[in-house]
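Reviewing the structure listed below.
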Amino acid sequence: MVGDLRNRADMLLQAGDFANAIPLLRELIAASPADASLQRQLAGALDATGAIEDAIATYRRALALDPSDARTHDELGRLLGRRGDMAAAAEHLRAAAKLNPSLASARAALGDLLCREGRHAEGVAELEAALAHDPGNWPAALRLGTALTSLGAERQHEAMDCFRRVIALSPGNAVAHLQLGLAFWRRRDAAPAIALAERAARLDPKLAAAHGALGSMLRAAGRVPEAVASLRAALALNPDDPAACFHLGMCLSAAEGKAQREGVDYLRRAISLVPRNLEAHRQLAWVLAEADCHEEAGAAYRAALEIFPDDAVLRLGAAMATLPIVAEDAAVAERCRAEYAASLAKLEEFFAARRARGITPAQAREDADAVGTTQPFFLAYQGRDDTELQARYGRIVTGIMAAAYPQFAKAPSMPPPALGEPIRIGIVSGHLRGHSVLKIPVWGWASLIDRRRFRLLAYHTTGHPDGETARVRRSFERFVQGPLTVEQWCETIRADAPHVVIFPEIGMDPMTTRLAGLLLAPVQASSWGHPETSGFPTIDYFLSSELMEPPEADAYYTEKLVRLPNLGVAYVPPPIADSTVTREALGLRPDDIVFWCCQHLPKYLPEFDSVFPRIAREVANARFVFIASPRGEEVTARFQRRLARAFAAQGLDGARHVGMLGRLLTADFVGVARVSDVFLDSIGWSGCNSALECLDANLPIVTWPGPFMRGRHCAAILRMMGVTDTIAASVDEYIALAVRLARDAAWRAALRTRMAENRARLYADAAPVRALEAFIEKVVRM
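Here the sequence shown is numbered in our numbering, starting from 242 and rising by one per residue.
Laid out in structure tokens, this is it:
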């Protein structure tokens, strides 16, 4: 009778029918209360049906009957571990291993428990013992692999062997494929890592970790659309995965429009899940600032600094975020400028106090890495004298860089070149590609400089070469393509020993800004790729244009101003492809007078918004065609709101007169100029590259030169051509000239003819290059 009952119970247990086995086991125990094995079987069945507490109590009764039963200690230990009672679990698992050292399940469970407590070396030893007794135990091999990854790079090859072993034992094991892929990723071997993560996601489409890891890898590899798809799959399975939220937020926030707003939401979600995610805080605040969400960006920076008060990236970003891209009105612009000045003063105090307290070399390098991540780029757009503010910013940057790289904070000792020895000129820029910095200052210098007397060395700091990079690199005796670290750049440039280093711009490329804060050559100069004083005490000279600088301009630079003749550059016009742009395609009527307003929207200052409706009052068919900002919808929308208010104040409907185009290729940019009537220059910061390119269309230019070099580009271009009729001396004259051009088609045609005849005067002008050569000879040999 008892034997039959036991057989039935065993059959039910083997079939997994634990619910029906339990009553039989209880009946057997009632008949044989001292049988420890029956108690263990009942405990296992209770565990399987979820009766955890009853199972634990039953295991304890079994051990009271037979304390030396290793299997009971093993099963109870594993159950207690699942419940979270780690101390009791470890006690029983150790007892099991001591009673039966070959009991692989106990050794493996003990190893897992030790690893969960952070005792990875002990855990590895137990897992290795388990596998020695049970080589086919793939769960133990998998756990051993993950444990070995925690012991540092020197054990990674063993971890990878474990994952391969699991795959051999269990070919469809998605987790093992994923872990092997992650191991390859840690070794910076992206191709097999991505392939294995893809395989894991295919093997188990519901494994959220596989989709999440694959998404993060694809994002790092620059395969953003695929990354987005994988990360969305991960979050569909596990909406609270903070890593997937973070990586998806990083992907989408770098996009535009709706996708960017969604990315911001995911970054906020990632922060809510893991408040100490520094990168998420940095990206959220930066994206909001880049999109000109001024108040939100400020709030994001303040929230981040509450958690990370010493983070240099956040400190610099918070200060720069006080500068609007497009201000709502002149009062807001003035208030923001005052906020920036106050923030800059606090920033200088922060870094000075930080160094005074003492920082480690590693902390100093972290501060240096923060330099350039955000910059006061939009300060120059405000149309004010920025010398004092830039000088303070320059002190901050050079102080940070000197603390991090003291060996490069003193000018290298170098004798003047020997008689007959060529002078070495280093050009450091992140824009030696299809960019205005290459097209305007650099290309002409490289084309016309005397190679018998000068040797040109180029240092392209970014990792983004293009077709123009390939073309220009042939003009240099040495061309070093980035990216490199600050230290690598400094060592490379110092080893080449240039007598003078020229930074064509300071204020746009992060690495260029870092390097400009150090001393790489006996003489260092900047130029007007970003037409604003750098404020850096490490920069000796500012190479500018005689025609663009007003008489009092020396006061606007911390550097010594060098006025090179004419435009200061040897502009070589790029070839421009044909365009199929038509008025009809742009939504313009045949009889419209089209004013091409093609500047970056921040160049249009709110105090001059009334210019457009004042022209429209006199020219009923005036159409002002602008280009939407690439920095987000809010920038364009704010500018449009300003214009709508300005037109309404004049009793006009702005929608009838204002058009907004999307991003244009160069050919189409010039194509719009060809179907326009007037190039209406921005007031405060004049067009330069845009004006030079639109000369291909011989489009008459109306300009009012401002008090600073950056507001005088078009005036200099027109003076160089000898076509000065449309250079205004006041805002009223500017409006009057625009109105006259709109009404007088014959005058427009005459100006077009003169521009076509004279524009060649601007091209490949050797005078500024000869003057640059003379200047360099003087300062290097003095």
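Cβ coordinates follow ideal geometry from the N, Cα and C atoms, glycine included. Keep in mind it's a predicted model, so treat the numbers as computed, not measured.
Secondary structure of residue i, DSSP reduced to three states
i: H333; result: helix
i: R674; result: coil
i: A582; result: helix
i: F259; result: helix
i: W379; result: helix
i: S785; result: strand
i: S494; result: helix
i: L392; result: coil
i: T628; result: helix
i: Q623; result: helix
i: Q282; result: helix
i: Q420; result: helix
i: F777; result: coil
i: G667; result: strand
i: T944; result: strand
i: K447; result: coil
i: Y845; result: coil
i: R804; result: strand
i: V567; result: coil
i: F949; result: coil
i: V638; result: helix
i: S767; result: strand
i: A646; result: This sequence places Tyr at residue 646; Ala is not what is there. In the structure shown, Y646 sits in coil (DSSP, three-state: anything other than H, G, I, E or B).
i: Y812; result: strand
i: Y1004; result: strand
Distance CB(residue i)-CB(residue j) smaller than 8 Å
i: Q1024; j: A574; result: Lying before the first or after the last residue shown, residue 1024 is absent from the chain, which here runs from 242 to 1023.
i: V678; j: P745; result: yes
i: P847; j: A530; result: no
i: A279; j: S273; result: Contrary to the premise, residue 279 reads as Leu rather than Ala in this sequence. A contact, by the Cβ cut-off of 8 Å.
i: G422; j: A454; result: yes
i: V866; j: S917; result: yes
i: E589; j: R636; result: yes
i: Y782; j: I734; result: no
i: G498; j: A526; result: no
i: L340; j: H314; result: yes
i: E709; j: I817; result: no
i: R755; j: P706; result: no
i: F836; j: L893; result: no
i: S513; j: H488; result: no
i: A485; j: L476; result: yes
i: N807; j: A1008; result: yes
i: L1029; j: H333; result: In the structure displayed, the chain extends from 242 to 1023; residue 1029 sits before or after that span and is not available.
i: R879; j: E569; result: yes
i: L759; j: M642; result: yes
i: L697; j: E728; result: no
i: D310; j: A303; result: yes
i: W686; j: A811; result: yes
Limits of the unbroken alpha helix (DSSP H) element including residue i
i: V899; result: From DSSP, V899 is part of no alpha helix (DSSP H) but of the beta strand (DSSP E) over 899-902.
i: F888; result: 874-890
i: I293; result: 293-306
i: F910; result: 907-915
i: A856; result: One detail in the question is off: residue 856 reads as Ile in this sequence, not Ala. Run containing I856: 852-859, per the alpha helix (DSSP H) assignment.
i: F404; result: 397-410
Segment limits, beta strand (DSSP E) that includes residue i
i: W988; result: It is not in any beta strand (DSSP E) - W988 instead sits in the alpha helix (DSSP H) that spans 986-999.
i: K1019; result: No beta strand (DSSP E) contains K1019, which is instead part of the alpha helix (DSSP H) from 1007-1022.
i: I1025; result: The structure shown does not extend to residue 1025, since the chain is modelled only from 242 to 1023, so the question has no answer here.
i: A659; result: Careful: A659 lies outside any beta strand (DSSP E) and carries neither H nor E.
i: L893; result: Per DSSP, L893 belongs to no beta strand (DSSP E) and is neither H nor E.
i: I743; result: 741-744
i: R864; result: 863-868
i: V365; result: Run containing V365: none in the beta strand (DSSP E); it sits in the alpha helix (DSSP H), 361-374.
i: V919; result: 919-921
* Evaluate contact between the region 609-626 and the region 569-589, counting only Cβ atoms and requiring at least three cross-stretch pairs below 8 Å. => yes
* Asked: Can we say the region 621-635 touches the region 655-667, given the rule of at least three CB pairs closer than 8 Å?
  -> At 8 Å Cβ cutoff, the stretches do not touch.
* Asked: Enumerated in chain order, which unbroken segments of the beta strand (DSSP E) with a length of 3 residues or greater are wholly contained in the region 680-735?
  -> 695-701, 719-722
* Taking contact to mean at least 3 C-beta pairs separated by less than 8 Å, is the region 649-656 in contact with the region 767-774? -> no
* To do: For the region 369-384 and the region 397-409, state whether three or more C-beta atom pairs, one from each stretch, are separated by less than 8 Å.
  => By the Cβ criterion, the region 369-384 is in contact with the region 397-409, since at least three pairs of Cβ atoms, one from each stretch, lie closer than 8 Å.
* Asked: Between the region 847-856 and the region 926-943, do three or more beta carbon pairs fall short of 8 Å?
  -> no
* In chain order, each alpha helix (DSSP H) run of at least 4 residues that lies wholly inside the region 520-563 -> 535-548, 553-561
* Asked: For the 8 Å Cβ check, are there 3 or more pairs between the region 790-799 and the region 939-956?
  -> yes
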